[in-house]
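K.L.:
The listed protein sequences correspond, in order, to chains B and H.
In terms of our numbering, the first sequence opens at residue 407 and continues consecutively.
In terms of our numbering, the second sequence opens at residue 407 and continues consecutively.
By construction, the Cβ of each residue, glycine as well, lies at the ideal position given by its N, Cα and C atoms.
Can you keep this structure in mind? I'll have questions shortly.
2 protein chains.
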Amino acid sequence: MIVNLSGDIYEQLSLRILGWEYPPSHRLTEEGLCAEFQVSRSPVREALNMLVERGLVRKNARQGYTVRDLDLQEIKDSYDVRLVLELDVVARLCRAGVDGAVLDRMEARWTQLRDGLPALSPKAAEEDEGFHRELAEATGNRVLVRALGAIDSHIHFVRRSDITNTERLRQTCVDHLEIIAALRQKDLATVSVALRRNIEWGKTNVEAAIKDALVRAHLGR
Amino acid sequence: MIVNLSGDIYEQLSLRILGWEYPPSHRLTEEGLCAEFQVSRSPVREALNMLVERGLVRKNARQGYTVRDLDLQEIKDSYDVRLVLELDVVARLCRAGVDGAVLDRMEARWTQLRDGLPALSPKAAEEDEGFHRELAEATGNRVLVRALGAIDSHIHFVRRSDITNTERLRQTCVDHLEIIAALRQKDLATVSVALRRNIEWGKTNVEAAIKDALVRAHLGR
DNA sequence: TTCTCTTGACTTGTATACAATCGGGTATAT
DNA sequence: ATATACCCGATTGTATACAAGTCAAGAGAA
């Protein structure tokens, strides 16, 4: 059910950009998208502005829109800030404690994923993002959740290529289960080490992930 | 010189909302703003969407726009997240060091402000925001700068009422000068204490600041 | 050749008209 | 009296027409 065209087009374009269907710096024109989506410029324009706000598209006044090009340094910076915020998340959780039922559910989920690794592959990035978001939400600090969400949406496209091989998937499961166990014990030191390992892996593999994403995008055509 | 109407209206409405010229939950209609600014709905609509993105206005689909109402908990959460990020800022600066010339300039500025307190009053909030932004920018991490900027824009309206009395102004100057001095020594412990004191003061005074802002807004009419 | 000016296509910026939707109030039936 | 269906005004959602700006190619003069 379509509720409004702007949101629809926004979603579509988001998926395309995150899915590397457009090369970096690819030009997007309002008229062109109108023709493609068979709608007027109003909703297209609104969708593009939303994408600009989210940082996926760049706007040059009276010149047009281009798909954001990658800034390696910015992505690495994002990982750094994310680490700082997530370390605060687990610090809060160790201080305040986490509902045992929640931890039980998360543990069951990641044990299941670990034991059925092959099935995890396609949805690995989503599961990983969900894990970290759930932790953030457990703090009850909505500003923290939003700040992390903003960063996530900026590095989403690289996280999708982050988890590439089985060994990496296994390590992710191990890290997450260790984090859960340490949270249960309120052992901040252990949980911090595991979290840092879990997050910094992604950062060190940014270049490889980008290369991989570009290869996939080209193979997909 | 006007370059585009959307941006202009956005600025105007931002100032009004931040200046408490509209009560919380005040309703804004596209047509109404059109009549007031003497423009068509297109730029008004764009400005409103930008305000929604920034969190100053709330949009209810097919019903209209309302000025965001205050959420005390959210503001306190913002201060908490801001503290976490700024503690990371100074940690980075202590690790990497800050250009002496920059510290000299900041020290001169805040010494001057301390010695001429009465003149500071009107622009106190802007100066304060500038100080913290400059520190963040000195890290060179643009994501960090942006994250802090997002939070600042959310608590800007309360920070404007934050620094109310001379004693508070003086303490701010002292805190900032102490932070600068400690950064020069790369003394993380000292700078952290000063920073925490500086930021947490604002949080503890949120209620008072909001009350003050409302009083001023009503007196202004 | 090279510089400058003009022109025109292309694209966004703005205005306006029309469609769709929501909410409240009213009339009507029970 | 109450519940329900319907209508109407208000407001946003969408389409389209027109204005204005930007860039580049090409003509013309030095």
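Would you identify the three-state DSSP class for B:N604, choosing helix, strand or coil?
P.N.:
Helix.
K.L.:
Would you mind telling me which residues of chain H sit closer than 7 Å to B:E480, beta carbon to beta carbon, in chain order?
P.N.:
Residues of chain H passing the Cβ test: R548 and V549.
K.L.:
Measure the C-alpha to C-alpha separation of H:K529 and H:S412 and round it to an integer number of angstroms.
P.N.:
Rounded to whole angstroms, H:K529 to H:S412 spans 27 Å at the Cα level.
K.L.:
Compute the beta-carbon to beta-carbon distance between B:L637 and B:L454, rounded to the nearest angstrom, for a pair I have assumed lies under 8 Å.
P.N.:
In this structure chain B extends from 407 to 627, so residue 637 of chain B is not present and cannot be described.
K.L.:
Give me the Cα-Cα distance between H:E436 and B:L554, rounded to the nearest whole angstrom.
P.N.:
Roughly 32 Å separates the two Cα atoms.
K.L.:
Under 8 Å, with one C-beta from each stretch per pair, do the stretch 512 to 522 of chain H and the stretch 575 to 582 of chain H reach the 3-pair mark?
P.N.:
Contact between the stretch 512 to 522 of chain H and the stretch 575 to 582 of chain H is present, because at least three Cβ pairs lie under 8 Å.
K.L.:
On the DSSP letters alone, give me the boundaries of the beta strand (DSSP E) that H:V473 sits inside.
P.N.:
Per DSSP, H:V473 belongs to the beta strand (DSSP E) from G470 to V473.
K.L.:
Can you name the residues that DSSP bridges to H:V463?
P.N.:
H:V473, per the DSSP bridge assignment.
K.L.:
State whether the stretch 527 to 543 of chain B contacts the stretch 482 to 497 of chain B, with contact taken as three or more CB pairs (one from each stretch) at a distance under 8 Å.
P.N.:
Flag = yes, the stretch 527 to 543 of chain B and the stretch 482 to 497 of chain B touch.
K.L.:
Is the stretch 613 to 623 of chain B in contact with the stretch 558 to 567 of chain B, if contact means three or more CB pairs nearer than 8 Å?
P.N.:
Because the criterion of three Cβ pairs below 8 Å is met, the stretch 613 to 623 of chain B and the stretch 558 to 567 of chain B touch.
K.L.:
Apart from the five residues just before and just after H:F563, which ones in its own chain have a Cβ nearer than 6 Å to its Cβ?
P.N.:
Within the same chain, H:F563 has close Cβ partners L424.
K.L.:
Cβ closer than 9 Å: which chain H residues qualify as neighbours of B:A553?
P.N.:
Correct list: V487, L491, A553, A556 and I557.
K.L.:
In the stretch 478 to 532 of chain H, which residue ranges form an unbroken beta strand (DSSP E) of at least 3 residues, counting only runs that do not cross its ends?
P.N.:
For the stretch 478 to 532 of chain H, not a single whole beta strand (DSSP E) run of length 3 or above is found.
K.L.:
Answer yes or no: does any C-beta atom of chain H fall closer than 8 Å to that of B:N466?
P.N.:
Cβ-Cβ to chain H under 8 Å: no for B:N466.
K.L.:
Looking only at its own chain, which residues have a Cβ that is under 6 Å from the Cβ of B:Y416, when we skip the five neighbours before and after it?
P.N.:
Excluding positions up to five away in sequence, the list reads A453 and M456.
K.L.:
Check the DSSP bridge columns for H:L434 and list the partner residues they point to.
P.N.:
According to DSSP, H:L434 bridges with H:Y471.
K.L.:
Below 8 Å, can you find three or more Cβ-Cβ pairs linking the stretch 496 to 514 of chain B to the stretch 586 to 600 of chain B?
P.N.:
Yes: at least three Cβ pairs fall under 8 Å.
K.L.:
Go ahead and label H:E573 buried or exposed: buried means 16 or more other beta carbons lie within 10 angstroms of its beta carbon, across all protein chains shown.
P.N.:
When all chains shown are included, H:E573 counts as exposed.
K.L.:
Please name the residue in H:H432, H:Q577 and H:G546 whose C-alpha comes closest to that of H:R603.
P.N.:
When each option's Cα is compared against that of H:R603, the closest is H:Q577.
K.L.:
Pop quiz: B:Y428 and B:I605 are said to be a contact at Cβ under 8 Å. What is the actual Cβ separation, rounded to whole angstroms?
P.N.:
About 28 Å separates the two Cβ atoms, so there is no contact after all.
K.L.:
Go to B:R566, then tell me how far its alpha helix (DSSP H) extends in each direction, as first and last residue.
P.N.:
Note, B:R566: premise wrong, no alpha helix (DSSP H); not H, not E.
K.L.:
Note down, in chain order, every chain B residue with its Cβ under 7 Å from the Cβ of H:S420.
P.N.:
Within 7 Å Cβ-Cβ: nothing; H:S420 doesn't reach chain B, min ~15 Å.
K.L.:
Buried or exposed: B:L550, going by 16 or more other Cβ atoms within 10 Å of its Cβ?
P.N.:
Flag for B:L550 reads buried.
K.L.:
Between B:S420 and B:V473, is the Cβ-Cβ spacing less than 8 Å?
P.N.:
Result no, Cβ atoms of B:S420 and B:V473 do not sit closer than 8 Å.
K.L.:
Applying a beta-carbon distance threshold of less than 9 Å, which residues of chain H neighbour B:D475?
P.N.:
Near B:D475 there are no residues of chain H at all, since even the closest Cβ is about 15 Å away, more than 9 Å.
K.L.:
From H:L589 to B:V508, what distance separates their C-alpha atoms?
P.N.:
If I take the Cα positions, the gap works out to 42 Å.
K.L.:
Assuming H:L523 contacts H:E533 (C-beta within less than 8 Å), just tell me the rounded distance between them.
P.N.:
H:L523 to H:E533, Cβ: 12 Å. No contact.
K.L.:
Output the boundary residues of the alpha helix (DSSP H) element that contains B:D581.
P.N.:
Per DSSP, B:D581 belongs to the alpha helix (DSSP H) from T572 to Q591.
K.L.:
Along chain B, in chain order, which residues have C-beta atoms closer than 8 Å to that of H:D483?
P.N.:
The answer, in chain order, is N547, R548, V549 and L550.
K.L.:
Buried or exposed: which applies to B:N466, given that a residue is buried once 16 or more other Cβ atoms fall within 10 Å of its Cβ?
P.N.:
It is exposed - the Cβ of B:N466 has fewer than 16 other Cβ atoms within 10 Å.
K.L.:
Could you check how far apart the C-beta atoms of B:G503 and B:K592 are, in whole angstroms? I think they sit under 8 Å.
P.N.:
7 Å between Cβ atoms; contact.
K.L.:
Can you list, in chain order, the residues of its chain whose CB lies under 7 Å from that of H:R460, leaving out five sequence neighbours each side?
P.N.:
Excluding residues within five positions, the ones whose Cβ falls inside 7 Å are S559.
K.L.:
Should H:E459 be flagged as near chain B, meaning a C-beta pair shorter than 8 Å?
P.N.:
Yes, H:E459 counts as interfacial toward chain B.
K.L.:
Do H:D483 and B:R548 have their beta-carbon atoms positioned less than 8 Å apart in this structure?
P.N.:
Yes, these two residues count as a Cβ contact at 8 Å.
K.L.:
Please state if the CB of B:V621 and the CB of B:R481 are separated by a distance shorter than 8 Å.
P.N.:
Residue identity check: residue 481 of chain B is Ile in the sequence provided, not Arg. For B:I481 and B:V621, no; Cβs fall outside 8 Å.
K.L.:
On the three-state DSSP scale, how would you describe H:V409?
P.N.:
If DSSP states are grouped into helix, strand and coil, H:V409 belongs with coil.
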